[in-house]
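In this text, residue positions in the sequence shown follow our numbering: the first is 2, and each later residue adds one.
Step one of this worksheet: look at the structure below.
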Amino acid sequence: LASPQVSDSLLKSKLSLQYKPRPSAASFQLDRDKPCVFKDSIDNELARTLNFENLKQRFPDKQIKLKRSLCKNKEHISSGLHQYADYITKGEPLINVMVEHPSSGDTTFSDFTKEDRLYCLALNCEYVEDFIDHVSCPSFFGDWFDKHLPTFRDAVVHGHMHTWFFIGPKGTLSELHSDHDDIHTTIQQCCGVKRFFTILPEQQIFLEDKFGDHLLESLRFSLEGEAIRVTSQTDSPEERSLVGAMESIDVYVNDIQAGDVIYIPSMTGHYAESLTNSISVSRDFIDDRNIDAYLFSG
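Encoded structure:
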């Protein structure tokens, strides 16, 4: 398929990551440097069975922060977790909720409907046992936090920045990024369907070296039949240059179903959109490839 560039839009041939059955620990080692989707590979029974019908029974009604997407940081919107679940499943609006504006320090109060597609993507375990019980690393990955650093795991990993709940209605978005501190990531799809666009590490590193985060975050990816469309949110010389550079970048697309795990090795670029109401859990991990970079990054 030809890849004509039209201003800030580019059409690319569709590629997909391998979609494999759950591997053994030994067979995973053979392909561990490549992102991949593993079918029906969630070890944790609580994560495997987590859905919108039982979320309110399993989790305390703690205050959470919502955003419009991963990289839109102008508003931090407060809600109770149970109220947010009803916002997703019943379409109940969030009325007169507190909104913090980090850039100005101001606080306002606003109403939001489901059409605002607010996303819960900063909910970590925060040492709460009910949350911790749902988030573990599938055993075949050989996580060194579990194998060699259990005290560090309990003190650090079960707090912030390593255990994530991604909860949101259809259409919620994570812009293109790679994860913090050279970490490897597992994203385990508990319920619903999520579409991932993925860029291999060496090409993501090239993009991050050449273009700033704000430019990469402006990209949007969509699937059009057997092609992937890459567009930019604005029409500037820098963003036209980025879209032009994407012509030589391979982009992979996969739809992750309930029970699947997408494996994202260190420095892999990824972009995700919820195709339905969706709950995912994510657990970062380290091994012999990234432990030095991870520890020195801190």
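A virtual CB, placed ideally from N, CA and C, is assigned to each residue, including glycine.
Pairwise C-alpha distance: residue j and residue i
i: HIS185; j: GLU240; result: 29 Å
i: CYS37; j: GLY213; result: 27 Å
i: VAL231; j: CYS72; result: 18 Å
i: MET99; j: SER28; result: 49 Å
i: TYR85; j: ILE265; result: 28 Å
i: SER140; j: PHE146; result: 11 Å
i: GLU176; j: SER25; result: 32 Å
i: LEU150; j: VAL158; result: 10 Å
i: THR114; j: GLU93; result: 7 Å
i: THR164; j: SER283; result: 6 Å
i: ASN55; j: LYS91; result: 14 Å
Residue nearest to residue i in terms of C-alpha spacing, selected from the options
i: ALA294; options: HIS181, VAL98, ASP87, LEU217; result: HIS181
i: GLY260; options: GLY143, PHE110, TRP145, ARG49; result: ARG49
i: PHE39; options: PHE142, GLN205, LEU47; result: PHE142
i: SER42; options: ASN278, LEU276, ILE263; result: ILE263
i: GLN30; options: SER298, ARG290, GLY299, LEU296; result: ARG290
i: ASN278; options: PRO22, TYR20, PRO24, TYR88; result: TYR88
i: ASP183; options: ASP251, ILE292, SER79; result: ILE292
i: TYR128; options: GLY160, LYS21, GLU54, ASP288; result: GLY160
i: ASP144; options: ASP285, LEU296, LEU224, PHE297; result: ASP285
i: ARG33; options: GLY245, GLY106, ASP288; result: ASP288
Residues of its chain near residue i, where Cβ-Cβ distance is below 6 Å and the 5 sequence neighbours each way are ignored
i: GLU227; result: LYS15
i: GLU274; result: LEU174, ARG196
i: GLN234; result: SER219
i: ALA123; result: LYS66
i: GLN19; result: CYS37
i: LEU243; result: PHE212, LEU216
i: ASN45; result: SER137
8 Å Cβ cutoff met for residue i and residue j
i: CYS126; j: GLY169; result: no
i: SER17; j: VAL254; result: yes
i: ARG382; j: GLY172; result: With the chain covering 2 to 299 only, the question about residue 382 has no answer from this structure.
i: GLU112; j: ILE133; result: In the sequence on display, residue 112 carries Asp and not Glu. Not in contact: ASP112 and ILE133 (Cβ atoms no closer than 8 Å).
i: HIS135; j: LEU51; result: yes
i: LEU276; j: ASP256; result: yes
Other residues of its chain near residue i: CB distance less than 7 Å, five sequence neighbours each side excluded
i: VAL103; result: According to the sequence displayed, residue 103 carries Pro and not Val. Counting only Cβ-Cβ distances below 7 Å, and skipping sequence neighbours, we find ASN74, HIS77.
i: GLN258; result: GLN190, VAL194
i: SER281; result: PHE167, ILE188, GLN189, GLN190, CYS191, LYS195
i: GLY81; result: ASP62, GLN64
i: LYS13; result: SER4, ALA228, ILE229, VAL231, VAL252
Nearest-angstrom Cβ-Cβ length linking residue i and residue j, presumed shorter than 8 Å
i: TRP269; j: LEU216; result: Per the sequence presented here, residue 269 reads as Thr, with Trp not at that position. Not quite, the Cβ-Cβ distance comes to about 19 Å (not below 8 Å), so this is no contact.
i: GLU101; j: THR108; result: 6 Å
i: PRO61; j: ASP131; result: 6 Å
i: TYR272; j: PHE198; result: 4 Å
i: GLU209; j: SER179; result: 7 Å
Close beta carbons around residue i, own chain, < 8 Å, minus the five adjacent residues each side
i: ASP68; result: According to the sequence as given, residue 68 is Lys; it is not Asp. The residues are ASN74, GLU76, HIS77, ILE78, LEU119, TYR120, LEU122, ALA123.
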